[in-house]
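J.: Just dropping this structure here.
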Amino acid sequence: MKAGIVGLPNVGKSTLFNCLSNAKAQSANFPFCTIEPNVGVVNVPDSRLEKLESLVNPERVQPAVVEIVDIAGLVKGASKGEGLGNQFLGNIRETDAILHVLRCFEDDNIVHVDGSVDPVRDKETIDMELQLKDLETVDKKLEKVKRAAKIGNKEAQKEEAALLKVKKGLEAGKSVRALTELTAEERDEFIANLQLITDKPVMYICNVDEKSATSGNGYVDKVKEAVKDENAEVIFLAVGTEADITELDDYEERKMFLLDIGLDEPGSAKLIRSAYRLLNLQTYFTAGVKEVRAWTIPTGSSAPQAAGVIHTDFEKGFIRAEVIAYDDFASFGSEAKVKEAGKMRVEGKEYIVKDGDVMHFRFNV
Ligand code: GDP
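For the sequence shown, position 349 matches number 349 in full-length UniProt numbering, and the numbering has no gaps at all.
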């Protein structure tokens, strides 16, 4: 899964990116890599994985990961090619979710591109560029569908109607994710495959100053009020302060500074977990002596689908899965003891995987 960080210049995007992708902030025995300067792979913090590691003592541990892309260069006029506009809008299209950073801190030393701190206005500026970009996509599609609709193709007529709803909404300054006039069917059949930018799930990240790290501030309240119909998550984070803390070499020292501003874990950990939830993802584990690993699946996946994340052959040749609930594994302490207690289940093709299941697949090759 891939999340793109957007926002106006100088709101704290690169600071957040650096903070999230800081290798020091991630547990030393977990691999970390930066693919490109603006693309990083971030581990999803999960205390269950640490527990499994301590019980199984494997050679390797692999947490679930989220790919983060810092999408700089979005400014007013980007959809018309201002700045580096179009190229970056292309990058956003490839992401599964959007992390929209809003400046909710005052600091006269940091220039605001529009002269004052106003996160709701900033959000609308960015939204408008994204909406204009989507409008281009929708107009192109409409051109293609129109002719077939005109000569009486029923399916094309339905598609045209759905596209016109989206066009109207975008022209009125609404994001596609917030359009209540679209039916679920229209979304599934005609809109989802367009990969519209404003249809992607979004999380608003209010960048606050240090003293608002645990309480938020008036700007955050305004953002919450402004997005209440969008079905989006809003979180606040003292990005600058957290970035300074992640620079510290010593783990205990980092912990102390976090406690000092009132946090028991980095806000970035909370952010990554929220992003995971936002996408309706969940985790199952495999726990062998070679490797203990967290795998990411969409909530509601069946056992064969979950197996398919490891290898497509696992899905095709799926026979059954041996499943241990995480809590059972943790309380009995080993696979052998779980078996002894009769708590290991054998599940078939229809089984819907639960968050935290420890799984072992049997399959034909
Ligand atoms: P970007 O253009 O959105 O990527 O913004 P940057 O991350 O480069 O940040 C712009 C400037 O704001 C830098 O000088 C940062 O040090 C500063 N900055 C970022 N976050 C905060 C913050 O929470 N508080 C304060 N006071 N400054 C911040």
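Glycine included, each C-beta is placed from N, C-alpha and C at the ideal position. Because the structure is a prediction, the values reported are computed rather than measured.
Pick out whichever of Arg362, Ser274, Glu265 and Ile272 has its Cα sitting closest to the Cα of Glu308.
T.: Looking at the sequence shown, residue 308 is not Glu but Gly. Answer by Cα proximity: Arg362.
J.: Let me know the secondary structure DSSP gives Cys104 once reduced to three states.
T.: Three-state DSSP puts Cys104 in coil, outside helix and strand.
J.: For Phe285, verify whether its CB is less than 6 Å away from any heavy atom of the ligand GDP.
T.: Flag unset: Cβ of Phe285 not near the ligand GDP.
J.: With burial defined as no fewer than 16 other Cβ atoms inside 10 Å of the residue's Cβ, what is the status of Cys33: buried or exposed?
T.: Residue placement at Cys33 is poorly supported in this model, since its pLDDT is 45, which falls under 50; the coordinates are not used for a value here.
J.: Comparing alpha-carbon positions, which option in Asp229, Leu142, Leu258 and Glu233 lies nearest Ala243?
T.: Checked all of Asp229, Leu142, Leu258 and Glu233; the closest Cα to Ala243 is Leu258.
J.: Could you have a look at Ala364 and say whether DSSP puts it in helix, strand or coil?
T.: Here the sequence assigns Asn to residue 364, which means Ala is not the residue at that position. Looking at Asn364 - three-state DSSP - the assignment turns out to be coil, as it is neither helix nor strand.
J.: Determine the contact status of Val69 and Val117, defining contact as a CB-CB distance below 7 Å.
T.: No, the Cβ-Cβ distance between Val69 and Val117 is not below 7 Å.
J.: May I have a chain-ordered list of the beta strand (DSSP E) segments no shorter than 3 residues that lie completely inside the region 168-250?
T.: Runs found: 202-207 and 233-237.
J.: Does the beta-carbon of Val239, which I'm using as the reference point, lie nearer than 6 Å to any heavy atom of the ligand GDP?
T.: Checking every heavy atom of the ligand GDP against the Cβ of Val239, one is found closer than 6 Å.
J.: Could you compute how far the alpha carbon of Ile272 sits from the alpha carbon of Ile205?
T.: Using only the alpha carbons, I get a separation of about 11 Å.
J.: Could you have a look at Val145 and say whether DSSP puts it in helix, strand or coil?
T.: Val145 falls in the helix class under three-state DSSP.
J.: Just to confirm the assignment: which complete alpha helix (DSSP H) runs, minimum length 4, are found wholly within the region 32-77?
T.: You should have 47-56.
J.: Considering Ile272, what are the terminal residues of the alpha helix (DSSP H) in which it resides?
T.: Start and end: Gly267 to Leu278.
J.: Do Leu49 and Ala294 come within 7 Å of each other at the CB atom, strictly closer than that value?
T.: It is a contact, given that the beta carbons lie within the stated cut-off.
J.: Could you tell me the distance, in whole angstroms, from the CA atom of Lys2 to the CA atom of Tyr276?
T.: Distance between the alpha carbons of Lys2 and Tyr276 is about 10 Å.
J.: From Leu16 to Ala213, what does the alpha carbon distance come to, in whole angstroms?
T.: Roughly 14 Å between the two C-alpha positions.
J.: Leaving out the 5 sequence neighbours to the left and right, which residues in its chain are closer than 6 Å to Glu160 when beta-carbon positions are compared?
T.: Same-chain partners within the cutoff: Val145 and Ala149.
J.: Look at the alpha carbon of Leu99 and the alpha carbon of Asn207, and state the distance between them as a whole number of angstroms.
T.: Cα to Cα, Leu99 sits roughly 12 Å from Asn207.
J.: How big is the Cα-Cα spacing for Asp188 and Lys80?
T.: Rounded to the nearest angstrom, the two C-alpha atoms are 29 Å apart.
J.: Output yes or no for whether 7 Å exceeds the beta carbon distance between Leu182 and Gln131.
T.: Cβ distance not < 7 Å, so Leu182 and Gln131 don't count as in contact.
J.: Helix or strand or just coil, what does DSSP make of Met256?
T.: Helix, per DSSP.
J.: Report the rounded CA-to-CA distance for Glu247 versus Glu335, giving the unit in angstroms.
T.: Roughly 39 Å separates the two Cα atoms.
J.: Considering only residues of the same chain and omitting the five flanking positions on each side of residue 367, which have a CB-CB separation below 7 Å?
T.: The question about residue 367 has no answer here: the residues shown for the chain are numbered 1 through 365.
J.: Kindly list the residues whose CB is nearer than 8 Å to the CB of Asp127, restricted to its own chain and excluding five residues on each side of it in sequence; keep chain order.
T.: Contacts found: Gly173, Ser175 and Thr198.
J.: Below 8 Å on the Cβ atoms is my contact criterion, and I expect Ala287 with Val358 to pass it. Report the Cβ-Cβ distance as a whole number of Å.
T.: Rounded, the Cβ-Cβ distance is 5 Å, consistent with contact.
J.: Using the C-alpha atoms, what's the distance from Ala178 back to Asn231?
T.: When rounded, the distance between both Cα atoms is 7 Å.
J.: Quick check: what's the CA-CA separation for Ile297 versus Lys200?
T.: Cα to Cα, the separation comes out at about 18 Å.
J.: Which whole-angstrom value describes the C-beta separation of Glu210 and Ile261, a residue pair presumed to lie in contact below a C-beta threshold of 8 Å?
T.: So it is a contact: roughly 6 Å between Cβ atoms.
J.: Distance check for Pro266 and Asp355, CA to CA, integer angstroms please.
T.: Rounded to the nearest angstrom, the two C-alpha atoms are 23 Å apart.
J.: In the DSSP output, which residue or residues are listed as bridge partners for Val323?
T.: Partner(s): Arg345 and Met359.
J.: Kindly indicate which three-state DSSP category Lys2 falls into: helix, strand or coil?
T.: Strand.
J.: Report the CB separation of Asn10 from Ile110 in whole angstroms; it is logged as a contact under 8 Å.
T.: Sure, about 6 Å apart at Cβ, within 8 Å.
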